[in-house]
Structures are given as structure tokens and as C-alpha cells.
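Here the structure is laid out as C-alpha cells; the discussion comes afterwards.
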Amino acid sequence: MMDIGQVRELFRRHGLRWTRQRELLYAELASCVLDHPTAEELLNAARSKDPGLSLATVYNTLEAFSESGLCRRLSSVEASGPCRFDVHTHDHAHVLTPDGRVMDLPRELSQRLMEAIPRDILDEVERSMGIHVDRVSMQFIAHPGTHASARVEAAAL
Ligand SMILES: [Zn+2]
């Protein structure tokens, strides 16, 4: 867990003004308890520590965090679903389960997967589409299976 000095330093580096509510929300977002929370889940988690917190403040704060690169916004797979927020800003793959959970693929596996994308395919994507690829985002739409059930459950704890 980061102490207040580390959070202030992080905010300063990202050009974010420090406020007590922002610090509280960042601490909740960075805690392992919530995995990729929605704004409402974050509000529910933080409200016990600050009953005056509003959903609007949470949204504005997450907006500021996303813009400054302190977190990433993940759009929902369902068109009408809420966005989720990810405090891990390195490139990594996600596993989405039918109950709406979003989990990180273990870092080492994510890294191997990203590195396995052939450079010539990326080059061709860029050439044929006339774009420059900034990063690749990957999601596994999955359900607990015979091999994975134990791990999916473990990740939910
Ligand atoms: Zn993630």
C-alpha cells in the first residue's frame, strides 16, 4: 500500500492536483480488493471512509485519472454496460467472465502473449489501414472450465 507521500508524488508526476478525495479514490482503486471496479463500485467501497463522496465526484476523478494516465478506462463488452477502471496501466490482457468480472491475465503470460504478436502482422495492419498502432488490447471472453475453475475462483478472492 502506498503512503500519502508516494501518492502525492505520483499525482505530482502526472500533473494532478492532490485532494483528499482523490487520494482516497486512488487508494481504493489501487487496493487489491476491487478488481477493475465500475465508478459505482468504487463509490460504494470509498463511501464508508467518506460519506460525503458523490458519484459525480467519483466520475470526475476517474476522468482526471484516465486523462493523466494514472488509470485506464475499459469499455464494457455489452453496449449498455458500465465502464470499468484499471489502475494497472502497463499493457496486459484481460479475462472476462459471464458474471461480469474482469481479471488480469498473470503478468508473465500477458507479456508472452503481447510479445508473440508478429511484427510483420502489426506492420501490415499499419500499412493497410494507414494507422500507427499505439498499443494492443486483448480480452479473453471465458467461463469457468474444468481446468480453470479453481483459478477463476481464487482470483475472485
Ligand atoms: Zn487490468
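For the sequence shown, the numbering used here gives the first residue as 489, with consecutive numbering after it.
A virtual CB, placed ideally from N, CA and C, is assigned to each residue, including glycine.
If you count every other CB in all the chains shown that lies within 10 Å of the CB of residue i, and 16 or more means buried, which is it?
{"i": "Arg600", "result": "exposed"}
{"i": "Phe573", "result": "buried"}
{"i": "Arg508", "result": "exposed"}
{"i": "Ala527", "result": "buried"}
{"i": "Thr577", "result": "exposed"}
{"i": "Pro606", "result": "exposed"}
Within a Cβ cutoff of 7 angstroms, which residues of the same chain sit near residue i, ignoring the five residues on either side of it in sequence?
{"i": "Glu614", "result": "His620, Val621"}
{"i": "Leu512", "result": "Ala534, Lys537, Asp538"}
Sorted by chain position, which residues of the same chain lie with C-beta nearer than 8 angstroms to residue i's C-beta, five sequence neighbours on each side aside?
{"i": "Trp506", "result": "Val495, Arg496, Phe499, Arg500"}
{"i": "Leu543", "result": "Ala527, Glu528, Leu531"}
Hey, could you find the ends of the beta strand (DSSP E) residue i is sitting in?
{"i": "Ile629", "result": "627-629"}
{"i": "Val590", "result": "590-592"}
For residue i, which residues of its own chain have a beta-carbon under 6 angstroms away from its beta-carbon, when the five flanking residues on both sides are left out?
{"i": "Arg430", "result": "Past the edges of the chain, shown from 489 to 645, lies residue 430, and the structure says nothing about it."}
{"i": "Gln627", "result": "His582, Leu584"}
Can you round the beta-carbon distance between residue i and residue j to whole angstroms, since I take them to be within the 8 angstroms contact cut?
{"i": "Asp579", "j": "Val546", "result": "That pair is no contact at about 26 angstroms."}
Measure from the C-beta of residue i to each C-beta in chain B and report whether the shortest distance is under 8 angstroms.
{"i": "Asp608", "result": "The structure shown contains no chain B, having only a single protein chain."}
Assuming residue i is part of the alpha helix (DSSP H), what are its boundary residues?
{"i": "Ile492", "result": "492-501"}
### Message
Quick check for students: name the residue ranges of the alpha helix (DSSP H) that lie wholly in the region 529-612, counting only runs of 4 or more.
### Response
Listed in chain order, they are 543-556, 595-603.
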